[in-house]
Amino acid sequence: MPREQGRKFIAQNKKARHDYSILDTYEVGLVLTGTEVKSLRAGRASLVDGFASIDDGEVWLQHVHIAEYMEGTWTNHAPRRKRKVLMHRSEIDKLIGKIKEGGLTLVPLDLYFKDGKVKATLALAKGKKSYDKRHDMAERDSRREIQKAFGRYVKGRR
Numbered sequence: 001m002p003r004e005q006g007r008k009f010i011a012q013n014k015k016a017r018h019d020y021s022i023l024d025t026y027e028v029g030l031v032l033t034g035t036e037v038k039s040l041r042a043g044r045a046s047l048v049d050g051f052a053s054i055d056d057g058e059v060w061l062q063h064v065h066i067a068e069y070m071e072g073t074w075t076n077h078a079p080r081r082k083r084k085v086l087m088h089r090s091e092i093d094k095l096i097g098k099i100k101e102g103g104l105t106l107v108p109l110d111l112y113f114k115d116g117k118v119k120a121t122l123a124l125a126k127g128k129k130s131y132d133k134r135h136d137m138a139e140r141d142s143r144r145e146i147q148k149a150f151g152r153y154v155k156g157r158r
């Protein structure tokens, strides 16, 4: 049986890009149980309330919901348990320094399979204020209007 190739997205946290300014991203691995991987293959995960924390020099992913595997028995996992994140020691040390500076958090952006292994994208992010969110939405709307006007101009409709 051939190995899986490429990326297959499982879940994305679209609200994270709205609520946070993304400063840096990291591709990380996760320590999972068998039933969690089977549930992820069925696409049953949610990153909505998820965040990562650093405890005793280790990174942990918290409040990420991976639904229980339907065919699982007593070996099933807890849906919102803490999951260990696999990162290089040097990356963890840099993150500890940046987070302790203040105002920054680690937020999961997406979960996906890469060559058969579950990976996540963690973002070092700073929370946006409500006026920043409004400004971003106004900017996006104006860009969309410019694109529409340009499209009409190219087609000769003015």
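Reminder that position 102 of the sequence shown reads as 102 in full-length UniProt numbering, one-by-one numbering, no gaps.
Heads up, the beta-carbon is just placed ideally off N, CA and C, and yes, glycines get one too.
Query - Per-residue burial, L40 [other beta carbons within 10 Å of its own, 16 or more giving buried] - result: buried
Requested in this report: Ignore the nearest five residues each way along the sequence and tell me which others in F9's own chain have a CB closer than 7 Å to its CB.
Outcome: D110, Y112
**Report entry** Cβ contact (3+ pairs, closer than 8 Å) linking the segment 44-58 and the segment 98-106
**Finding:** yes
**Report entry** Buried/exposed call for R143, threshold 16 Cβ in 10 Å
**Finding:** exposed
Query raised in the report: Residues bridged to Y20 by DSSP?
Result: G127
Query raised in the report: Is it the case that the Cβ atoms of K126 and L104 are separated by a distance below 8 Å?
Result: yes
Query raised in the report: Does DSSP put L95 in a helix, in a strand, or in coil?
Result: helix
Query - C-alpha distance - M70 paired with Q147, whole-angstrom precision - result: 46 Å
Query raised in the report: Do V64 and G43 have their C-beta atoms closer together than 8 Å?
Result: no
Report task. Mind checking which residues open and close the alpha helix (DSSP H) that includes residue 159? Result -> Because residue 159 is not part of the residues shown, which for the chain are 1 to 158, the question remains open.
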